[in-house]
Amino acid sequence: MPKDFSWGPANPHPLSKMRTELVWEGKYDEYGNRREVDIAACAMPMQQIETVDEPRQRAAATGNLELFERERVKADDFRNRLIWGDNKLVMASLLKEFKGKIDLIYIDPPFDVGADFTMDVPIGDEKETVGKDQSTLEMVAYRDMWGKGTDSYLHMMFERLTLMKELLSETGSIYIHCDWHMSHFLKGLSLEIFGPENLVNEITWHYYNKMAPDSKCFPRASDRIISFARVAGSHVFQQQYEHRDTPVMQLKRKFIGGKAINVRDEAGAVQYQLKETKRIDDVWRMSMLQPADKTQYLGYRTQKPEILLERIIRASSNEGDLVADFFCGSGTTGAVAERLGRRWIMADLGRFAIHTSRKRLIELQRKLHEEGKSYRAFDVYNLGRYERQWWQKDRLNGAEDEHRRVVLEFFKAEVLGHAPSPLLHGRKAGAFCHVDGIDSIFTRGEARAVAEAVAQAGGREVYCLAWEFEMELRQFALAIEAELGVRMKLIPIPREIMEKNRKNPPPFLEMAVLEAEPVKRKEGKNSSVDVKLTKFLPSLSEVPGKELEALKERAIKSGFDFIDFWAVDFDWQPGQPFHHDWQDYRTRKDRSLKTVSDAGHVYETPGKHTICVKVVDVFGCDNSIAVEVSV
Numbered sequence: 016m017p018k019d020f021s022w023g024p025a026n027p028h029p030l031s032k033m034r035t036e037l038v039w040e041g042k043y044d045e046y047g048n049r050r051e052v053d054i055a056a057c058a059m060p061m062q063q064i065e066t067v068d069e070p071r072q073r074a075a076a077t078g079n080l081e082l083f084e085r086e087r088v089k090a091d092d093f094r095n096r097l098i099w100g101d102n103k104l105v106m107a108s109l110l111k112e113f114k115g116k117i118d119l120i121y122i123d124p125p126f127d128v129g130a131d132f133t134m135d136v137p138i139g140d141e142k143e144t145v146g147k148d149q150s151t152l153e154m155v156a157y158r159d160m161w162g163k164g165t166d167s168y169l170h171m172m173f174e175r176l177t178l179m180k181e182l183l184s185e186t187g188s189i190y191i192h193c194d195w196h197m198s199h200f201l202k203g204l205s206l207e208i209f210g211p212e213n214l215v216n217e218i219t220w221h222y223y224n225k226m227a228p229d230s231k232c233f234p235r236a237s238d239r240i241i242s243f244a245r246v247a248g249s250h251v252f253q254q255q256y257e258h259r260d261t262p263v264m265q266l267k268r269k270f271i272g273g274k275a276i277n278v279r280d281e282a283g284a285v286q287y288q289l290k291e292t293k294r295i296d297d298v299w300r301m302s303m304l305q306p307a308d309k310t311q312y313l314g315y316r317t318q319k320p321e322i323l324l325e326r327i328i329r330a331s332s333n334e335g336d337l338v339a340d341f342f343c344g345s346g347t348t349g350a351v352a353e354r355l356g357r358r359w360i361m362a363d364l365g366r367f368a369i370h371t372s373r374k375r376l377i378e379l380q381r382k383l384h385e386e387g388k389s390y391r392a393f394d395v396y397n398l399g400r401y402e403r404q405w406w407q408k409d410r411l412n413g414a415e416d417e418h419r420r421v422v423l424e425f426f427k428a429e430v431l432g433h434a435p436s437p438l439l440h441g442r443k444a445g446a447f448c449h450v451d452g453i454d455s456i457f458t459r460g461e462a463r464a465v466a467e468a469v470a471q472a473g474g475r476e477v478y479c480l481a482w483e484f485e486m487e488l489r490q491f492a493l494a495i496e497a498e499l500g501v502r503m504k505l506i507p508i509p510r511e512i513m514e515k516n517r518k519n520p521p522p523f524l525e526m527a528v529l530e531a532e533p534v535k536r537k538e539g540k541n542s543s544v545d546v547k548l549t550k551f552l553p554s555l556s557e558v559p560g561k562e563l564e565a566l567k568e569r570a571i572k573s574g575f576d577f578i579d580f581w582a583v584d585f586d587w588q589p590g591q592p593f594h595h596d597w598q599d600y601r602t603r604k605d606r607s608l609k610t611v612s613d614a615g616h617v618y619e620t621p622g623k624h625t626i627c628v629k630v631v632d633v634f635g636c637d638n639s640i641a642v643e644v645s646v
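FYI, in the numbering used here the residues of the sequence shown are 16 to 646.
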């Protein structure tokens with residue numbers, strides 16, 4: 016720069032011409048260019064893994080489908096979607112089909128408080144007298160941690176809000192729920208994305224029943240809900256009203272030219288009217304959900320009351336509209352949308368969120384069907400190997416060696432520098448470790464090859480870490496152990512290791528032992544089939560030490576206590592989604608669980624059929640086995 020160079024009116028400094036904006040590290044690249052969301056790189060096919068239409072499939076299983084179809088109230092115009100995965104990838108993948116088609120988005124994102132939220136997980140039917148350490152476990156519901164503090168949190172939210180804007184319809188709205196930690200930042204961020212002209216409301220939710228500790232500030236008893244329209248003035252909005260405690264007499268008024276004018280009679284006297292309702296303003300006085308609430312509370316700490324979502328959905332959508340929640344948590348948005356006749360899409364990266372939502376929505380399907388009310392079927396999706404491929408390319412530079420290193424690092428295992436076999440990649444506590452490929456399914460053939468490599472290296476034990484396992488591999492591994500003397504521990508790699516800035520290892524849980532058998536029943540000329548669970552032994556390898564011994568003893572004595580949900584597909588086809596023909600699960604009100612299905616499934620064609628049994632334990636891990644039956 017020349018010595019006589021100076022800033023001034025003839026040569027204004029760049030900062031003097033900057034517009035008002037929120038700036039964070041990562042918003043601009045090294046050249047000062049705005050970092051945009053790489054939608055093309057994030058879009059990927061979704062894998063349909065489950066279909067859920069519980070009342071219809073139960074009718075089909077018992078041979079009553081014709082009657083169900085005649086009397087049904089189920090809507091067939093849309094199948095709702097529950098998606099497990101990073102919502103950035105989920106939304107980018109939805110754009111091809113749903114760009115400009117979602118009518119309402121509500122999100123309750125993590126508030127960047129730098130903590131893991133936990134939830135109490137009950138075990139068993141709670142009829143026994145057991146101490147708290149034995150009957151509950153503190154499990155991480157979702158991670159409220161985004162690595163490098165506010166900068167990375169804002170960048171994470173910028174990318175996701177940008178995608179949400181693309182998904183919104185021209186008449187759509189978005190409601191962003193936040194608390195005092197980040198409401199100021201999120202409002203500024205959203206103003207930049209949606210435009211100040213599209214800001215509709217900043218709502219205060221005052222939850223008057225929250226217990227607050229003594230502190231040197233006024234108790235915090237409110238959240239903020241910021242709403243934007245995709246195009247202000249074109250957005251859907253129905254004014255909401257609430258009943259007054261006591262009716263009041265009010266002046267009767269009408270609006271002329273934007274001004275309120277008193278209505279008068281022919282004599283010129285002002286007129287009054289009795290008002291039993293009042294318009295709801297932007298301060299909402301609603302109680303928080305409390306653990307004592309047996310009708311709604313699911314044990315999910317961040318769960319919001321249904322009345323809150325009901326007000327939002329009634330105000331900003333019409334029946335049949337499409338509602339989305341990409342931080343769905345316990346599934347409140349989908350449950351309320353279903354009850355109000357809206358279509359819905361929900362997503363979350365937490366297995367607990369997906370499992371909790373699935374149970375809640377199945378229960379709602381049953382309830383609506385019993386009441387003769389309309390409901391829609393829903394499907395469960397994930398991004399499967401495509402998400403892993405994206406993670407390997409985006410974060411690991413596409414290297415398989417780096418993939419194995421990261422997995423072993425989170426597993427707290429040592430990487431082998433000079434391995435005795437290409438199939439052996441690490442060691443942990445004297446055992447070898449094998450990490451399967453990121454695109455692979457760990458098969459019987461691979462299991463035998465790994466066990467033989469361990470035996471040749473003089474080993475007696477091996478951890479087999481894989482993203483997916485062939486069905487019934489646990490039983491095959493036990494046979495290998497008896498034959499070769501090598502104990503094989505099958506460990507599914509948790510998808511949580513793909514979370515950006517993840518530092519603390521997630522639980523690595525060994526595959527559970529699951530056994531089941533068909534139960535044939537014959538009444539006259541008619542025959543039916545059910546399924547009996549005969550054994551379940553959960554993995555307890557990551558249970559806190561203070562609880563481990565008590566829970567091990569209980570698992571051996573009554574492994575079924577650790578089952579939270581199980582379902583049956585009576586005519587499972589390999590490579591096809593799991594169809595929920597029957598299921599049973601524990602709820603907060605009813606902790607009992609059947610161990611024999613009562614579907615009374617009737618096969619239309621004789622011959623051999625494959626039954627798939629899916630079990631989800633209290634840790635949120637699912638295990639499946641296939642059972643053959645001949646009829």
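No residue lacks a Cβ here, since even glycine has one placed at the ideal position from N, Cα and C.
{"Check": "Leu-480 vs Phe-393 beta-carbon contact at 8 Å", "Outcome": "no"}
{"Check": "Ser-205, DSSP secondary structure in three states", "Outcome": "helix"}
{"Check": "Cβ-Cβ distance between Phe-575 and Thr-610 below 8 Å", "Outcome": "yes"}
{"Check": "CB of Lys-293 within 8 Å of CB of Val-278, strictly", "Outcome": "no"}
{"Check": "For Glu-291, the three-state DSSP class (helix, strand or coil)", "Outcome": "strand"}
{"Check": "Proximity of Ala-629 and Ala-582 at Cβ, strictly below 8 Å", "Outcome": "Before going on, a small fix: residue 629 reads as Lys here, not Ala. Result yes, Cβ atoms of Lys-629 and Ala-582 sit closer than 8 Å."}
{"Check": "Continuous alpha helix (DSSP H) stretch holding His-170: start and end", "Outcome": "165-182"}
{"Check": "Environment of Thr-186 [buried if 16+ CB atoms lie within 10 Å]", "Outcome": "buried"}
{"Check": "Distance, Ile-508 Cα to Ser-332 Cα", "Outcome": "40 Å"}
{"Check": "Rounded straight-line distance, which links the Cα of Phe-367 to that of Glu-51", "Outcome": "31 Å"}
{"Check": "Close beta carbons around Glu-40, own chain, < 7 Å, minus the five adjacent residues each side", "Outcome": "Asp-166"}
{"Check": "For Glu-643, the nearest candidate out of Asp-632, Arg-49 and Asp-545 (CA to CA)", "Outcome": "Asp-545"}
{"Check": "Buried/exposed call for Leu-7, threshold 16 Cβ in 10 Å", "Outcome": "Residue 7 cannot be examined here, being either before or after the span of the chain that is shown, 16 to 646."}
{"Check": "Cβ-based burial, Gly-474 [other Cβ within 10 Å; buried from 16]", "Outcome": "buried"}
{"Check": "Asn-638 vs Met-526 beta-carbon contact at 8 Å", "Outcome": "yes"}
{"Check": "Member of Arg-357, Ile-241, Arg-94 and Met-486 whose CA lies at the smallest distance from the CA of Pro-211", "Outcome": "Ile-241"}
{"Check": "Own chain residues within Cβ distance below 6 Å of Phe-523, not counting five before or after", "Outcome": "Phe-426 and Ile-506"}
{"Check": "Nearest neighbour of His-221, chosen from Gln-407, Pro-228, Asp-297 and Ala-494 [CA to CA]", "Outcome": "Asp-297"}
{"Check": "Residues near Glu-36 by beta carbon distance below 7 Å, same chain, minus five either side", "Outcome": "Glu-207"}
{"Check": "Straight-line Cα distance separating Asp-44 from Glu-402", "Outcome": "25 Å"}
{"Check": "Coarse secondary structure for Lys-515, derived from DSSP in three states", "Outcome": "coil"}
{"Check": "CB contact flag (Ile-189, Phe-243, <8 Å)", "Outcome": "yes"}
{"Check": "Rounded separation between Phe-551 and Thr-371 - CA only", "Outcome": "21 Å"}
{"Check": "Reduced DSSP secondary structure (H/G/I, E/B, other) of Ser-198", "Outcome": "helix"}
{"Check": "Cβ neighbours of Ala-464 in the same chain (closer than 8 Å, five flanking residues each side left out)", "Outcome": "Leu-438"}
{"Check": "Whole-angstrom distance between Ile-54 and Ile-191, CA atom to CA atom", "Outcome": "22 Å"}
{"Check": "Residues bridged to Arg-541 [DSSP beta-bridge criterion]", "Outcome": "For clarity, residue 541 is Asn in the given sequence; the question names Arg instead. Answer is Glu-538, bridged to Asn-541."}
{"Check": "Span separating the alpha-carbon of Asn-95 from that of Arg-358", "Outcome": "6 Å"}
{"Check": "Contacting residues, own chain, Cβ-Cβ under 7 Å from Lys-147 (five flanking each side not counted)", "Outcome": "Since pLDDT at Lys-147 reaches only 37, below the 50 mark, its modelled position is unreliable, and no value is offered."}
{"Check": "For Gln-598, the nearest candidate out of Val-631, Asn-541 and Asp-451 (CA to CA)", "Outcome": "Val-631"}
{"Check": "Rounded separation between Cys-57 and Thr-620 - CA only", "Outcome": "44 Å"}
{"Check": "Cys-627, enclosing beta strand (DSSP E) - first and last residue", "Outcome": "623-632"}
{"Check": "Whole-angstrom distance between Arg-459 and Trp-482, CA atom to CA atom", "Outcome": "15 Å"}
{"Check": "Same chain only: Cβ atoms within 6 Å of Ala-470, ignoring 5 sequence neighbours per side", "Outcome": "Leu-499 and Val-501"}
{"Check": "Helix, strand or coil at Phe-20 [DSSP, three-state]", "Outcome": "coil"}
{"Check": "Where Glu-45 sits in the DSSP three-state scheme", "Outcome": "coil"}
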